[in-house]
Structures are given as C-alpha cells and as structure tokens.
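In mature numbering (1 follows the signal peptide of the UniProt record, and there is no 0), the protein residues as written are -20 to -1, 1 to 82.
Encoded structure:
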C-alpha cells in the first residue's frame, strides 16, 4: 500500500512540474520593423519606458501581457536615440504560416 501511495505521489509531483505556456509567453519580442512588415499594428504600449541592462524578458512582461490582451502576438521595441536608454513599444498581430522560423 505504501509503495502504491509513493508512486501516486511521485506522479502528482511530476505532473505539477509540467510547463503549460500562458498566452503572454507566445508573444514574440522583436526590435526591427522588418520583423513586423506584414503584420497589423494594434497600437502603442505604455508610451516611452526606461530600460535597464539585464532582464529584458522580465521588463517586457507587462507589455507582452498587454499585447496578448489586445489580440496581438508580436511586441516591437524601438529605440529612441543611439542606445536602449529609452524605447517605445508597439503591439502587432501577425499571421504566420510557419515558414519564418517561429
């Protein structure tokens, strides 16, 4: 009986560690307008925002969430100036046929 319970517990623990991506994780982040040339612009996200070195994926999480809620799947970050000190973010909806690598 203990062996059966141990196996069942192990199965539950493994199932709990499975990864199920949320919609926000399906939003791709790009930094070139060429990446969205065939996409529909949905709007600007958050206006200008300050960027910091390091965790860009974490920094863009609220923006990716907004893109997803707007029905988009692509976040374009455009630099303002010569570096990434300030940038603008735009939401796009792109219909991909699977031939572009993502």
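Every residue, glycine too, gets a C-beta built ideally from N, C-alpha and C.
Keep in mind it's a predicted model, so treat the numbers as computed, not measured.
Between which two residues does the alpha helix (DSSP H) carrying residue i extend?
i: residue 46; result: 41 to 49
For residue i, which residues in the same chain have their Cβ closer than 6 Å to its Cβ, ignoring the five residues on either side in sequence?
i: residue 52; result: 22, 71, 72 and 73
i: residue 48; result: 3, 4 and 7
Do you know how far the Cα of residue j is from the Cα of residue i?
i: residue 54; j: residue 14; result: 12 Å
i: residue 66; j: residue 59; result: 6 Å
i: residue 25; j: residue 16; result: 15 Å
i: residue 62; j: residue 46; result: 26 Å
Does the distance from the C-beta atom of residue i to that of residue j stay below 8 Å?
i: residue 41; j: residue 57; result: no
i: residue 44; j: residue 9; result: yes
Tell me which residues share the same chain as residue i and place their Cβ nearer than 7 Å to its Cβ, disregarding the 5 neighbours each side in the sequence.
i: residue 19; result: 54, 72, 73 and 74
i: residue 89; result: Missing from the structure shown is residue 89; the chain here goes from -20 to 82 and no further.
Leaving out five residues before and five after residue i in sequence, what residues of the same chain have Cβ atoms less than 8 Å from its Cβ?
i: residue -15; result: Reliability of the predicted coordinates at residue -15 is poor, the pLDDT of 47 falling under 50, and no value is obtained from them.
Taking the continuous beta strand (DSSP E) assigned at residue i, which residues delimit it?
i: residue 58; result: 54 to 59
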